[in-house]
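Using my numbering, you'd call the opening residue of the sequence shown number -3 and step up by one each time.
Heads up, the thing below is written out as structure tokens.
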Amino acid sequence: MCGICGYYSDDISPLLIRKMAERLKARGPDDEGFHFGKGICLGVRRLSIIDIEGGHQPFYNENRSICAIMNGEIYNFQDIKKELEGKGHLFNTHSDTEVLTHSYEEWGFDFVKKMRGMFAIAVWDENKKLLILVRDRLGIKPLYYASIGQGISFASEIKS
């Protein structure tokens, strides 16, 4: 079990996202990671299951214009990875989360149609200034969100 959180707004506080992630510590005691950008902060607490050494999140594409975090597991990530490698994408780890950035880069929002598993995902597209939040078809992994002022906040648990 992992936990993700984020905040999208003109008024971003790195301290806020760190506090949000700290409230998810029980969901991911092994690792934490953050992305801080103009108008966006993403956080993740990780329980290391797949690619324990190389699975640190967030993951980025080659030019760091796409960032992704995930709570869950993509069962068919090896098949997706193989297809993307055939299209010229390069991977640095064996993590299922790494396929997200390359999948979004290749297929846009349709990337989620390829995924089989249980997941809650956040993808940040820096070029489009677009935040994408998706869950698996059955909604197994939780993802809560709220409009706050001119922004949006999301997390794996309401208390975050």
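For each residue, glycine too, the CB sits at the ideal point set by N, CA and C.
Computed from a predicted model, the values in this text were never measured in an experiment.
Can you tell me the Cα-Cα spacing of residue i and residue j, whole angstroms?
| i | j | result |
| --- | --- | --- |
| Ser5 | Cys37 | 9 Å |
| Ser10 | Lys83 | What sits at residue 10 in the sequence shown is Pro, not Ser. So the alpha carbons of these two residues sit roughly 36 Å apart. |
| Val40 | Leu20 | 8 Å |
| Ser151 | Leu134 | At residue 151 the sequence reads Ala, which differs from the Ser that was named. Ala151 and Leu134: Cα-Cα distance of roughly 18 Å. |
| Ile148 | His98 | 25 Å |
| Leu139 | Leu80 | 27 Å |
Is residue i helix, strand or coil when you go by DSSP?
| i | result |
| --- | --- |
| Met111 | coil |
| Leu86 | coil |
| Ser99 | helix |
| Asp132 | coil |
| Ile154 | coil |
| Leu139 | coil |
| Asp92 | coil |
| Gly68 | strand |
Applying the 10 Å Cβ sphere with the 16-neighbour rule, what's the burial state of residue i?
| i | result |
| --- | --- |
| Leu86 | exposed |
| Lys137 | buried |
| His145 | Position check: residue 145 holds Gly in this sequence, whereas His was assumed. Gly145 should be labelled exposed. |
| Arg60 | exposed |
| Ile0 | buried |
| Ile154 | exposed |
On the DSSP letters alone, give me the boundaries of the alpha helix (DSSP H) that residue i sits inside.
| i | result |
| --- | --- |
| Arg14 | 10 to 18 |
Would you kindly report the start and end of the unbroken beta strand (DSSP E) that includes residue i?
| i | result |
| --- | --- |
| Phe30 | 27 to 33 |
| Asn59 | That residue, Asn59, is in no beta strand (DSSP E); it is neither H nor E in DSSP. |
Per DSSP, residue i forms a beta bridge with which residues?
| i | result |
| --- | --- |
| Ile0 | Val40 |
| Ile148 | Tyr4, Ser143 |
| Leu127 | Trp120 |
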